[in-house]
Structures are given as C-alpha cells and as structure tokens.
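For the sequence shown, the working numbering begins at 7 and goes up steadily by one. What follows is one structure encoded as structure tokens, with my remarks underneath.
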Amino acid sequence: MSEGIRLNKYLSEAGVCSRRAADELIEKGIVKINGIAAVTGQKVMEADVVTVNGKVIKNNNEAVVIAYNKPIGLTCTAAEADPDNIFAHIDYPIRLQYIGRLDKDSQGLLLLTNDGDLANAIAKSINNHEKEYRVRVNKPITEDFLKSMAQGVPILDTVTKRCRLKKIDNYSFYIILTQGLNRQIRRMCDYFGYKVVNLKRIRVCNIKLGDMKPGELRRISEAEENELRRMVGMTKDKSADTSRQISAEKRVVRWKKE
Numbered sequence: 007m008s009e010g011i012r013l014n015k016y017l018s019e020a021g022v023c024s025r026r027a028a029d030e031l032i033e034k035g036i037v038k039i040n041g042i043a044a045v046t047g048q049k050v051m052e053a054d055v056v057t058v059n060g061k062v063i064k065n066n067n068e069a070v071v072i073a074y075n076k077p078i079g080l081t082c083t084a085a086e087a088d089p090d091n092i093f094a095h096i097d098y099p100i101r102l103q104y105i106g107r108l109d110k111d112s113q114g115l116l117l118l119t120n121d122g123d124l125a126n127a128i129a130k131s132i133n134n135h136e137k138e139y140r141v142r143v144n145k146p147i148t149e150d151f152l153k154s155m156a157q158g159v160p161i162l163d164t165v166t167k168r169c170r171l172k173k174i175d176n177y178s179f180y181i182i183l184t185q186g187l188n189r190q191i192r193r194m195c196d197y198f199g200y201k202v203v204n205l206k207r208i209r210v211c212n213i214k215l216g217d218m219k220p221g222e223l224r225r226i227s228e229a230e231e232n233e234l235r236r237m238v239g240m241t242k243d244k245s246a247d248t249s250r251q252i253s254a255e256k257r258v259v260r261w262k263k264e
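Pasting the structure below:
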C-alpha cells in the first residue's frame with residue numbers, strides 16, 4: 007500500500023460496506039483519516055488511521071469468505087447491544103459482514119466476508135443469484151400450493167419473482183429464490199394459510215451447507231471462491247467484470263438433498 011489505496015476500496019476490503027456505500031459515508035462526513043474528515047477519491051497510506059463514526063477500521067488485504075451455519079435464536083446484526091447478535095458467537099480474527107440475512111427463527115447457511123463489493127454483488131436481487139432453502143410447514147402440502155408459490159405471491163406491496171419448488175414429503179419442500187425480501191418465505195406461506203415450522207438455508211449460489219453443524223464455520227475453498235466470483239461477475243482482485251455476461255443457465259445448481 008506504498009502508493010496508497012482509494013478510501014472506498016479500503017473500506018470495502020475491510021468489510022465495512024460496498025464501494026458505493028462507502029462513498030455515501032464519506033459524503034456524509036462520518037469517515038475520517040487521521041482525525042480529519044475524508045473526501046471522495048482520497049487515498050489511504052500505510053500509516054493512516056481510518057475511522058467511521060469514531061471506530062477505527064483496519065484493512066485486511068486478503069479477501070476472506072466464510073460459510074457459517076447460523077443456529078436458530080441468533081440475530082443477523084452487528085449491534086453489540088443485542089446479546090444474540092451473530093458476531094458475539096463467532097470467533098474470527100478479522101471484521102466480517104454477512105451476506106443476505108436470516109431471521110432469528112431461521113437457520114442454515116450464512117456467508118460472511120470482508121469483501122464489501124462481493125457482498126453487494128451477491129445480495130443484489132437484480133443479479134438473480136440463487137438461494138436454496140429446505141422448508142417444513144404445519145399442514146400437508148398440495149400441488150396447487152406448490153404451483154401457486156412458484157408463480158409469484160403478492161406480499162409487501164409487490165409480487166415475488168417466480169421461483170422453483172420441489173416436494174420432499176407431505177410437510178416439507180425445497181425452494182429456490184433469486185430475491186431476498188423480509189421474511190419472504192414465511193410471508194409467502196402465510197398468504198396461502200401455511201405456517202413455517204422450520205426453515206433452513208442450504209445453498210447460496212454454488213456454496214452449500216452440506217453436513218456443517220449449527221454454529222460451525224469454515225473458510226470456503228479456493229475453487230469455491232473462484233466459482234462464486236465467476237457466478238457474480240467478479241474477478242479474483244474483486245474488480246467487477248463487465249466484459250462478459252453470465253447466462254442464467256450457468257447459474258443453475260441442480261437439486262441436491264442434504
């Protein structure tokens with residue numbers, strides 16, 4: 007970092023937020039370098055101290071992506087005032103952010119990273135990146151229910167995107183979404199008179215939960231990370247790759263039972 011690194015990239019690589027969001031924080035005047043309000047486009051040098059809202063931000067040059075099996079009862083938040091926040095239960099030496107929250111009553115795969123640009127690329131609904139869940143409801147599933155869920159459901163003043171479902175047994179099914187509305191699956195089921203009794207996320211893009219135990223985390227393999235970045239249109243150096251389009255067919259991962 008002898009020649010310095012742009013401040014928005016520094017904040018992104020530190021896991022604070024995406025570069026675009028970093029620029030917004032800078033414009034608000036809450037980002038400082040050595041105690042002085044930073045300006046857009048400013049560079050951070052080796053000895054500089056960067057703070058956001060008074061909190062020192064340390065950059066980790068190596069991008070890290072962690073797969074975590076979030077247990078039921080933990081909250082996707084970094085608020086230290088919440089004793090159930092996930093980061094109070096994760097022992098990892100660098101600052102991370104989660105990609106695509108799971109509500110407190112849900113469990114399963116949660117991706118964590120210090121790469122804000124990657125987090126932003128995966129989370130954007132417009133990119134149609136897949137998230138797969140195993141869901142159990144309180145009464146027998148009908149074919150009409152499955153078909154109606156797949157076609158789109160009116161919730162939260164919108165209609166959900168088309169999705170894919172596969173029946174497991176009379177009370178359980180797999181569902182693949184390409185968006186992440188607040189408590190989306192629960193609201194979709196509620197619309198048809200079903201109550202979710204268990205919800206587990208088992209895949210995000212190409213990253214699978216597998217046989218990880220609740221509370222367990224692992225750093226994804228280099229091959230997994232390379233494929234993940236390819237799927238979201240990013241290169242290894244975290245620069246957005248706009249030279250090619252990733253086809254919808256290449257994003258599809260076949261159904262696989264746990």
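By construction, the Cβ of each residue, glycine as well, lies at the ideal position given by its N, Cα and C atoms.
For residue i, report the span of its beta strand (DSSP E) as first-last.
i: asparagine 204; result: 202-210
i: tyrosine 139; result: 137-143
i: valine 56; result: 56-58
i: valine 62; result: 61-63
i: leucine 152; result: Leucine 152 -> not in any beta strand (DSSP E); alpha helix (DSSP H) instead, spanning 149-157.
i: lysine 75; result: Before going on, a small fix: residue 75 reads as asparagine here, not lysine. First-last of the beta strand (DSSP E) with asparagine 75: 71-76.
i: leucine 187; result: From DSSP, leucine 187 is part of no beta strand (DSSP E); its letter is neither H nor E.
i: lysine 172; result: 170-173
i: valine 45; result: Element bounds for valine 45: n/a, residue is neither H nor E.
Between which residues of its own chain and residue i is the CB-CB distance below 6 Å, once the five residues before and five after are set aside?
i: valine 203; result: Arg142, Asn144
i: glycine 269; result: Given a span of 7 to 264 for the chain in the structure shown, any question on residue 269 remains unanswerable.
i: glutamate 233; result: Asn212
i: glutamate 138; result: Ile182, Ile208, Arg209
i: leucine 13; result: Ala44, Gln48, Val50
i: glutamate 255; result: Bear in mind that a pLDDT of 32 at glutamate 255, under 50, signals an unreliable position, so the model cannot answer this.
i: threonine 81; result: Asp88, Asp90, Asn91, Lys110
Does residue i pass the burial test, meaning 16 or more other C-beta atoms within 10 Å, or should it be called exposed?
i: methionine 7; result: In this prediction, methionine 7 scores a pLDDT of 49, lower than 50, which makes its location untrustworthy; the coordinate-derived value is nonetheless stated afterwards. With fewer than 16 other Cβ atoms within 10 Å, it is exposed.
i: methionine 237; result: buried
i: threonine 148; result: exposed
i: arginine 224; result: exposed
i: serine 227; result: exposed
i: aspartate 123; result: buried
i: valine 165; result: exposed
i: lysine 64; result: exposed
i: glutamate 52; result: exposed
i: isoleucine 191; result: buried
i: lysine 206; result: buried
i: arginine 168; result: exposed
i: arginine 235; result: buried
i: glutamate 231; result: buried
Where do the N-terminal and C-terminal ends of the alpha helix (DSSP H) with residue i fall, by residue?
i: phenylalanine 198; result: Note, phenylalanine 198: premise wrong, no alpha helix (DSSP H); not H, not E.
i: phenylalanine 179; result: Unbroken run through phenylalanine 179 is the beta strand (DSSP E), 178-183; no alpha helix (DSSP H).
i: asparagine 134; result: Note, asparagine 134: premise wrong, no alpha helix (DSSP H); not H, not E.
i: alanine 20; result: Looking at the DSSP string, alanine 20 is not in any alpha helix (DSSP H), and its letter there is neither H nor E.
i: alanine 94; result: No alpha helix (DSSP H) holds alanine 94; DSSP gives it neither H nor E.
i: arginine 235; result: 228-238
For residue i, tell me which candidate among the options has the shortest Cα-Cα distance.
i: tyrosine 16; options: Glu30, Gly35, Val56, Lys34; result: Val56
i: glutamate 276; options: Gln185, Glu231, Val70; result: Nothing about residue 276 can be reported from this structure: the residues present for the chain run from 7 to 264 only.
i: aspartate 163; options: Leu152, Leu183, Arg193, Glu33; result: Arg193
i: valine 71; options: Tyr98, Ile92, Lys61; result: Tyr98
i: proline 146; options: Leu115, Arg168, Ser178; result: Ser178
i: glutamine 113; options: Ala94, Asn14, Arg140, Ile100; result: Arg140
i: serine 154; options: Ala20, Cys195, Asn188, Ile128; result: Cys195
i: isoleucine 100; options: Gly239, Ala20, Leu187, Thr81; result: Ala20
i: alanine 129; options: Ala94, Thr83, Leu187, Phe93; result: Leu187
Quick one: residues in its chain with C-beta nearer than 7 Å to the C-beta of residue i, no 5 flanking neighbours on either side, listed in chain order?
i: aspartate 150; result: none
i: lysine 244; result: No answer about lysine 244 holds up, because its pLDDT of 47 lies below 50 and its placement is not dependable.
i: valine 22; result: Ala28, Val58, Ile63, Gly122
i: isoleucine 11; result: Lys49, Val50
i: glycine 35; result: Ala43
Which residues in the same chain as residue i place their Cβ atom closer than 8 Å to its Cβ, once the five residues preceding and following it in sequence are excluded?
i: isoleucine 267; result: What the structure shows of the chain is the stretch from 7 to 264, and residue 267 is not part of that stretch, so it cannot be assessed.
i: serine 24; result: Ser18, Gly122, Asp123, Ala125, Asn126
i: aspartate 54; result: Ile39, Asn40
Would you say the beta carbon of residue i is closer than 7 Å to some non-hydrogen atom of the ligand FMN?
i: proline 99; result: Among the components modelled here there is no ligand, and therefore nothing to report on the ligand FMN.
Are the C-beta atoms of residue i and some chain C residue less than 8 Å apart?
i: tyrosine 16; result: No chain C is part of this structure, which consists of one protein chain only.
- Query: Do the segment 73-85 and the segment 42-57 make contact, defined as three or more Cβ pairs closer than 8 Å?
  - Reply: By the Cβ rule, the segment 73-85 does not count as touching the segment 42-57, because fewer than three pairs are nearer than 8 Å.
- Decide yes or no for the touch test of the segment 110-123 against the segment 153-165: beta carbon pairs closer than 8 Å, at least 3 of them. No, the segment 110-123 is not in contact with the segment 153-165.
- Assess, as a yes-or-no matter, whether the segment 164-174 is touched by the segment 201-217 under the definition of 3 or more beta carbon pairs within less than 8 Å. With a cut-off of 8 Å, the segment 164-174 and the segment 201-217 do not count as touching, because too few Cβ pairs lie within range.
- Query: Is the segment 193-200 in contact with the segment 104-113, if contact means three or more CB pairs nearer than 8 Å?
  - Reply: Judged by Cβ distances under 8 Å, the segment 193-200 makes no contact with the segment 104-113, as fewer than three pairs qualify.
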